[in-house]
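First to last, the protein sequences are chains L and H.
Going by our numbering, the final residue of the first sequence carries number 412, and the count climbs one at a time with no gaps.
Going by our numbering, the final residue of the second sequence carries number 824, and the count climbs one at a time with no gaps.
Don't be surprised by glycine CBs; every beta carbon is placed ideally from N, CA and C.
This report concerns only the one structure given below.
Protein chains: 2
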Amino acid sequence: MKAEIITIGDELLIGQVIDTNSAWMAQQLNLLGIDVKQITSISDDRSHILNTLVDASSRADLIIITGGLGPTNDDITKKTLCEYFNTNLVFNELMYLNIQSLFKSLGLQVTEINKAQAEIPENCEPILNSCGTAPGMWFEQNGKVYVSMPGVPFEMKQMMENSILPKLKIKYHLEFVCHKTILTQGIGESFLSEIIAGWEKELPTFIKLAYLPSPGIVRLRLTAKGIDEMKIKNEIKRQTEVLKLLIPDYIYGYDHDKLEAIIGNLLKNNKQTLATAESCTGGYIAHLITGIPGSSSYYKGSLVCYANEIKSKLLHIDEERIIRNGAVSEEVVQQMALNIKNLFNVDYAIATSGIAGPDGGTEVKPVGTTWIAIADKSGVFAKKFTFGDNRERNIQKASITALNLLRKRIID
Amino acid sequence: MKAEIITIGDELLIGQVIDTNSAWMAQQLNLLGIDVKQITSISDDRSHILNTLVDASSRADLIIITGGLGPTNDDITKKTLCEYFNTNLVFNELMYLNIQSLFKSLGLQVTEINKAQAEIPENCEPILNSCGTAPGMWFEQNGKVYVSMPGVPFEMKQMMENSILPKLKIKYHLEFVCHKTILTQGIGESFLSEIIAGWEKELPTFIKLAYLPSPGIVRLRLTAKGIDEMKIKNEIKRQTEVLKLLIPDYIYGYDHDKLEAIIGNLLKNNKQTLATAESCTGGYIAHLITGIPGSSSYYKGSLVCYANEIKSKLLHIDEERIIRNGAVSEEVVQQMALNIKNLFNVDYAIATSGIAGPDGGTEVKPVGTTWIAIADKSGVFAKKFTFGDNRERNIQKASITALNLLRKRIID
Chain L
1 MKAEIITIGD ELLIGQVIDT NSAWMAQQLN LLGIDVKQIT SISDDRSHIL
51 NTLVDASSRA DLIIITGGLG PTNDDITKKT LCEYFNTNLV FNELMYLNIQ
101 SLFKSLGLQV TEINKAQAEI PENCEPILNS CGTAPGMWFE QNGKVYVSMP
151 GVPFEMKQMM ENSILPKLKI KYHLEFVCHK TILTQGIGES FLSEIIAGWE
201 KELPTFIKLA YLPSPGIVRL RLTAKGIDEM KIKNEIKRQT EVLKLLIPDY
251 IYGYDHDKLE AIIGNLLKNN KQTLATAESC TGGYIAHLIT GIPGSSSYYK
301 GSLVCYANEI KSKLLHIDEE RIIRNGAVSE EVVQQMALNI KNLFNVDYAI
351 ATSGIAGPDG GTEVKPVGTT WIAIADKSGV FAKKFTFGDN RERNIQKASI
401 TALNLLRKRI ID
Chain H
413 MKAEIITIGD ELLIGQVIDT NSAWMAQQLN LLGIDVKQIT SISDDRSHIL
463 NTLVDASSRA DLIIITGGLG PTNDDITKKT LCEYFNTNLV FNELMYLNIQ
513 SLFKSLGLQV TEINKAQAEI PENCEPILNS CGTAPGMWFE QNGKVYVSMP
563 GVPFEMKQMM ENSILPKLKI KYHLEFVCHK TILTQGIGES FLSEIIAGWE
613 KELPTFIKLA YLPSPGIVRL RLTAKGIDEM KIKNEIKRQT EVLKLLIPDY
663 IYGYDHDKLE AIIGNLLKNN KQTLATAESC TGGYIAHLIT GIPGSSSYYK
713 GSLVCYANEI KSKLLHIDEE RIIRNGAVSE EVVQQMALNI KNLFNVDYAI
763 ATSGIAGPDG GTEVKPVGTT WIAIADKSGV FAKKFTFGDN RERNIQKASI
813 TALNLLRKRI ID
C-alpha cells in the first residue's frame, strides 16, 4: 500500500510557507501502515497539477492532495481535478448548508464566491469541512483513491482525523499497527538513550523505537506491526511497563496527553485550584493552561509581573529583596509563589523568574538561567534550571518544566 | 530560468522531520529571480532517486538536491549521482584536508568512513563544506546544472550563501523579481477580495496577487517579475500605494512585520507603557508581547483574571456590575481596561472578556462572543466581536484583534 502526497500552492514554491502538512499527514498514514513514497509540492498551475497527478498515480495507490481550494481565482485545484477526471462541477446542497451555518455562526451572509465553494466535481464523494468553507473530496478511479483537502492545517487535520483515516482503515486491509508514545520530561535525548540502551537492544524485531524531541519534552514512540493483533498489543503493553520501571521519574503521560490537561484533571478531581505568577514565561503558562476547555473551574488566573515594579507593588515582593538577590533568584521566586497563592487564594501556585534572552545575561546568571517555584499548603520549594540561548525555546522549556514540577507535587 | 528541489531522506517520508530546507532554498532562489517549479521529497532509494533526477531535468534547468550524503551505508546519494552521470568516485585531496582540519579542531582522528567522504564523482566541481565533512557537488550536463548538498540545515545554508548562490548569479542572466506582502487585519478573505476585485483585475500582467489567510490575519502578496528592475520596483510600490487607499483601515504592516513588534516600536518611540487584563485570551496577548526581545522596556505585565472572583478582588470590578451585565459585556470589559491602566500605572491598557468555547455559550451570547476594550489617557472604548466556535482560533483571533485595536489607538 503506497501513497503520495501532493501539496499545491505558490506560497510553498516561493518559500513563504513551510510545508508542515506533509510531515503530519505522512506520520498519520505511517501509523496506519501506509508507506509514503513521495511528497511533491507544486504551484497553482493547471498543466503541472495534471502531470503530477498522472505521475503520482503511476507509482501509488493513494494520492493525497492539499491546497488550492480557496474561494479566490488563484485557487484552481477543483477545476483541474474536474479536468483530470473528465467531469463537471455540480452544486451540493449539503455542502452549501455547511457553508451557510458557518457564516451564520459568524453573523454574516454567504457571499457569491463562498457559495461557489459548495460546487464539487460530480464523481467525488464530498467530505465535510467542520471548520471551514472548502469541502474535501474523495475520488476513486481505476482502483486508485484520490483525496483533495484544503491546505489550511487545522481544516485538513480535522478532515483527516474525522473522515479520511477512518475511511482508509475500512477500505483497505492493512496490517495491524499499534503505537504507544511514552512522554518524558526533565531529561535530554542522549541521556535518556543511555539509560534505556540495554532495553532498546532487547526489543523484539517487530517493535521499532523512535525518539521525538521537542522543547522540554522527549517522546518515545513504540511502533509494532504484524498480523496477530493480540500478540502485538500485549507486547507493546509489556514493553511500556518495563520502560516505566526504568525511567519512572521522567514519564508524565502517554500518547496525546498534555501536561496542562493532566494537571487540570488532577486539580478537578481533588477540587483544588491553581494560580501562577509569571515573569520570564510572560503568560505562556497561563496560555497553556487556559487552552484546555473547562480550565476556568480550577484555574483562577495569573499575574504576569514583567516589570519589577509590578512584582513589588502588586505581588508585594520586598523591593530590598529584589535589589539584594536580583529578580532571578531563589528568594524572589519563592516569595512570588507564596504571595500569588495567598493573593489568589488557591491551593497551588507556580512562579517563574529567569533570563529568556537574548539580552540580560551576566557571567553569574547567563541567558537561560531560570528559577521555578511551587507553593502549596505545606510550603514552597524552588529549583534552578539553565536552559539555552534561544528566547522562544527558553520560554517553552521553562513553562513545560514548571507544569511538570507542579504535576509531581500534586501526585506526591 | 526554472529550478527544482529534491530532498532525499527516509525521515522526511515518515514525517519525523519537517522539510524546512526547501522553503529556505526556494526563498533564496526566488530572490535571484529563479522560479522553483517543484519540490520533491523522496526516500534513500536508488531507482527512485534516478527517476526523480530524470523527471526533474526534463522540466528544469537547475536541480538542487539535499540529503543522503552522510558517511553511513543508508546514505546513497553520491553513489547514485555517479550512476546518473555515468562516472566514478575519485579521492579529492582538498576535500580531505577540510575533513582533517575539522576533526583536528575537535581533537579527533579522521575515521575511515569519514575519509571516504573526500571521494567525489569525477565530473563534479567540489563545493567546500566549512562546517561539516560532506562536500557539496556542482555538476553540469546538457546545459543543466545539478547541485548536491548535505541535508543538515546549517551546512546547506552556508554552502548556498558562500558558494552556490554567487555561482548562479555569475552563470545566468536572471530576470529581476520583487515581492511585497501587505498585512491586513479585521476583514475576511472573501470580503477583502470583493473590495479589491476591481483593482485586482487591473493589475499589470507581470504582477501576481495571492491571498494568504491565517487566524485573524489575511496577507496579500504581490509578485512582479521582469527585466527592468526600476520599472518593477516602481510598479509594486505604486500598486501598494493604490491598495493602501482602497483598504486603509485594514492594513497594519508589510512583509515580515508582527503586530506585537509594531506596537512595541510605537511604544518605545513614544516612551509609553502597556499592561493587559485578560480573561478569555488567558495570557496569550501577554505571551505574544513578551515574545519580542526587549519588551520589558514598555510592557509592565498582565493580570490574567480568569475567575470572576479575581476580577472583583484584584481588578476591583464591581461584583454587582458583573452580576447585572455578565462578565462578557461592554460595561465589565471597559472597567477592566480602566482599572488595569490605573493599577499598573501605564499609558495604554488592553482588556478582553469573551466566551472562547466550546462551553459557556448562550442564545444571546454564543461561543465566540468577545468584548475588547482599550484604555488610554483620553478614556476607554470597547468593541464587540463574534468569532467562531473553535477555542484555539478564538483565542488567537481575539488576541490579534486586540493588538490591532491598540495599534490604531496609538497612531490616531
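At the C-beta level, Val304/L and Val745/H stay beyond 8 Å of one another. Look at the beta carbons and you see the segment 8 to 16 of chain L touching the segment 621 to 636 of chain H: at least three pairs across the two are nearer than 8 Å. When rounded, the separation of the alpha-carbon atoms in Ser296/L and Met230/L is 41 Å.
Just so you know, the alpha carbons of His699/H and His287/L end up roughly 7 Å apart.
Sequence-distant Cβ neighbours of Thr492/H in its own chain, meaning closer than 6 Å and more than five residues away, are Arg458 and Ile461. Beyond the five residues adjoining it in sequence on each side, Leu165/L comes within less than 7 Å, by CB distance, of Gln28 and Leu32 in the same chain, given in chain order. When beta bridges are read from the DSSP output, Lys180/L appears opposite Leu222/L. Spatial neighbours of Asn21/L in its own chain (CB-CB distance under 7 Å, excluding positions within 5 residues in sequence) are listed in chain order as Thr7, Thr66, Gly151, Pro153 and Met156. For Leu403/L, the closest of Lys383/L, Leu246/L and Leu259/L by C-alpha to C-alpha distance is Leu259/L. DSSP places Asp788/H within a strand segment (E or B) once states are collapsed to three. Thr290/L has a beta carbon lying within less than 8 Å of a beta carbon in chain H. In the displayed model, Thr87/L falls within coil according to three-state DSSP, outside both helix and strand.
In this structure, Ile76/L sits near Asp44/L, with a CB-CB distance shorter than 8 Å.
In this structure Met507/H is not in contact with Pro533/H, their Cβ atoms being roughly 12 Å apart against a cut-off of 8 Å. For Gln38/L, the nearest CB of chain H lies under 8 Å from its own CB, placing it at the interface with that chain. Per DSSP, the unbroken beta strand (DSSP E) holding Phe551/H starts and ends at Gly548 to Gln553.
Secondary structure remark: continuous alpha helix (DSSP H) runs of at least 4 residues inside the segment 717 to 801 of chain H, in chain order: 720 to 725, 731 to 737 and 742 to 756.
Distance between Asn681/H and Gly628/H, taken at the CA atoms: about 26 Å.
Here Leu274/L is bridged, per DSSP, to Tyr299/L and Tyr348/L.
Setting aside the 5 residues that flank it on each side, Arg321/L is surrounded in the same chain by Glu331, Val332 and Gln335, each with a C-beta closer than 7 Å to its C-beta; the list follows chain order.
When C-beta atoms of the segment 753 to 771 of chain H are compared with those of the segment 797 to 807 of chain H, three or more pairs fall below 8 Å, so the two segments count as touching. Within chain L, the residues placing a beta-carbon under 7 Å from that of His699/H are Gly282, Gly283, Tyr284 and His287, ordered along the chain. For Val654/H, the uninterrupted alpha helix (DSSP H) segment begins and ends at Glu641 to Leu658.
At the C-beta level, Asn541/H and Met571/H come within 8 Å of one another. Within 7 Å of the CB of Asn802/H, the CB atoms of chain L belong to Cys131, in sequence order along the chain. For Asp730/H, no Cβ of chain L is located within less than 8 Å of the residue's own Cβ. DSSP places Ile430/H outside both helix and strand once states are collapsed to three, so it counts as coil.
Listed in chain order, the positions of the segment 4 to 34 of chain L with a beta carbon within less than 9 Å of a beta carbon of chain H are Ile5, Thr7, Gly9, Asp10, Glu11, Leu12, Leu13, Ile14, Gly15, Gln16, Val17, Ile18, Asp19, Thr20, Ser22, Ala23, Trp24, Met25, Ala26, Gln27, Gln28, Leu29 and Asn30. Per DSSP, Met149/L is one residue of the beta strand (DSSP E) stretching across Lys144 to Met149. With a 10 Å radius around the Cβ and a threshold of 16 neighbouring Cβ atoms, Arg633/H comes out buried. Between Lys656/H and chain L, the shortest Cβ-Cβ separation is not below 8 Å. Contact annotation: in the segment 751 to 762 of chain H, residues whose CB is within less than 9 Å of a CB in chain L are Leu755, Phe756 and Asn757. Cβ proximity to chain H below 8 Å picks out Thr290, Gly291, Pro293, Gly294, Ser295, Ser296, Tyr299, Lys300, Gly301, Ser302, Leu303, Val304 and Cys305 from the segment 290 to 305 of chain L. Going by C-alpha positions, Ile232/L is about 40 Å away from Ile42/L. No Cβ-Cβ contact shorter than 8 Å links Ser724/H with Ala687/H. If you look at Ser47/L, you'll find it in the alpha helix (DSSP H) that goes Arg46 to Arg59.
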